[in-house]
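Reviewing the structure listed below.
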Amino acid sequence: MGHHGWQGNPPGTEDEARRRIVEAATACIDRVGLAKTSLSDVAAEAGVTRQTIYRYFPRLPDILRAVALAGVDEFTGRMERHLASFGSAEEAAVESVVFAVRTVPHEPYLGLLLQAGEADFFTTEVTTPLAFAFGARILRNLPVDWPAVGVTTDEDLQGLAEILMRLFLSFLQYPSTPPLTDDQLRALVRRWIGPALRDMG
Numbered sequence: 001m002g003h004h005g006w007q008g009n010p011p012g013t014e015d016e017a018r019r020r021i022v023e024a025a026t027a028c029i030d031r032v033g034l035a036k037t038s039l040s041d042v043a044a045e046a047g048v049t050r051q052t053i054y055r056y057f058p059r060l061p062d063i064l065r066a067v068a069l070a071g072v073d074e075f076t077g078r079m080e081r082h083l084a085s086f087g088s089a090e091e092a093a094v095e096s097v098v099f100a101v102r103t104v105p106h107e108p109y110l111g112l113l114l115q116a117g118e119a120d121f122f123t124t125e126v127t128t129p130l131a132f133a134f135g136a137r138i139l140r141n142l143p144v145d146w147p148a149v150g151v152t153t154d155e156d157l158q159g160l161a162e163i164l165m166r167l168f169l170s171f172l173q174y175p176s177t178p179p180l181t182d183d184q185l186r187a188l189v190r191r192w193i194g195p196a197l198r199d200m201g
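Residues in the sequence shown are numbered from 1 upward in steps of one, following the UniProt record's numbering.
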């Protein structure tokens with residue numbers, strides 16, 4: 001299984017080996033930054049040879065993808081906490097877009113995909129049914145009366161999540177010229193998304 005080395009403590013499974021390589025890459029990035037992190041650095045941190053790394057991750061960008069995706073749970077947790085202060089469907093939707101556009105590029109791990117020129121991969125990952133279901137879960141957990149605005153089923157929530165995620169991807173990859181301030185972005189999204197989610201009561 002390519003377990004030679006590993007600082008005298010070989011992993012018991014393939015999944016553990018991958019996890020430890022991702023942890024080693026994370027440690028390198030935290031210490032010296034993305035630009036100075038090489039595959040050789042990751043191998044040294046994990047206590048294995050480059051050949052062992054290649055067995056699990058053929059290229060450094062493949063490791064960066066795994067590092068980025070490992071940070072998704074932490075990021076979505078912070079997004080949920082941020083959105084929890086907005087009680088209306090309209091404001092929760094607007095703020096989800098603003099939060100994502102302003103935060104993702106500066107995320108220590110999610111932002112790696114953009115910094116490393118992996119924007120296409122990032123887009124692919126965020127526009128899958130699994131990602132939309134994950135987004136729907138975030139919306140469901142918010143203190144919002146979704147049925148009051150006509151969002152009554154899981155399919156509705158997933159559809160809303162898809163629209164919001166595609167919207168923030170567009171702003172993220174193709175910023176406005178000149179750049180919009182947070183308030184300008186908030187006003188633009190509210191103007192066109194708000195009417196569909198305004199409380200009917």
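Glycine included, C-beta positions come from ideal geometry on N, C-alpha and C.
Please read all numbers here as calculations on a predicted model, not as lab measurements.
Exposed unless 16 or more other CB atoms sit within 10 angstroms - verdict on residue i
i    : result
S96  : buried
R191 : exposed
L130 : exposed
V32  : exposed
A68  : buried
G201 : The predicted model places G201 with a pLDDT of 44, which falls under 50 and marks its position as unreliable, so this point remains unresolved.
T52  : buried
Distance between residue j and residue i (C-alpha atoms, nearest Å)
i    : j    : result
F99  : G5   : 42 Å
E14  : S88  : 45 Å
T103 : D182 : 11 Å
Q173 : P105 : 10 Å
G159 : A25  : 35 Å
P175 : L164 : 16 Å
L197 : Y109 : 32 Å
E16  : G150 : 45 Å
C28  : L83  : 32 Å
T153 : V101 : 27 Å
P179 : F86  : 25 Å
P61  : A35  : 12 Å
M1   : S170 : Here the model assigns M1 a pLDDT of 46, short of 50, so the residue's position is not dependable and the matter cannot be decided.
D145 : F168 : 23 Å
D73  : N141 : 14 Å
T37  : V48  : 16 Å
E91  : L157 : 15 Å
Q184 : F75  : 24 Å
P195 : T177 : 25 Å
Same chain only: Cβ atoms within 7 Å of residue i, ignoring 5 sequence neighbours per side
i           : result
residue 203 : Because the chain is modelled from 1 through 201, residue 203 falls outside the range shown and cannot be assessed.
I193        : A93 and V94
N9          : none
P143        : A84 and G87
Cβ neighbours of residue i in the same chain (closer than 8 Å, five flanking residues each side left out)
i    : result
R166 : T127
R50  : L39, S40 and A43
R186 : V94, E95 and V98
D30  : P108
A70  : V22, T26 and Y109
I63  : I21, V22, A25, L39, V42, I53 and F57
6 Å Cβ shell around residue i - same chain, five flanking residues per side excluded
i    : result
Q7   : G47
V189 : V94 and V97
Report task. Could you tell me whether the segment 73-82 touches the segment 40-55, where touching means 3 or more Cβ pairs closer than 8 Å? Result -> No, because fewer than three Cβ pairs between the segment 73-82 and the segment 40-55 fall closer than 8 Å, the two stretches do not touch.
Query raised in the report: Below 8 Å, can you find three or more Cβ-Cβ pairs linking the segment 53-62 to the segment 12-26?
Result: Inter-segment contact for the segment 53-62 and the segment 12-26 is present: three or more beta-carbon pairs are separated by less than 8 Å.
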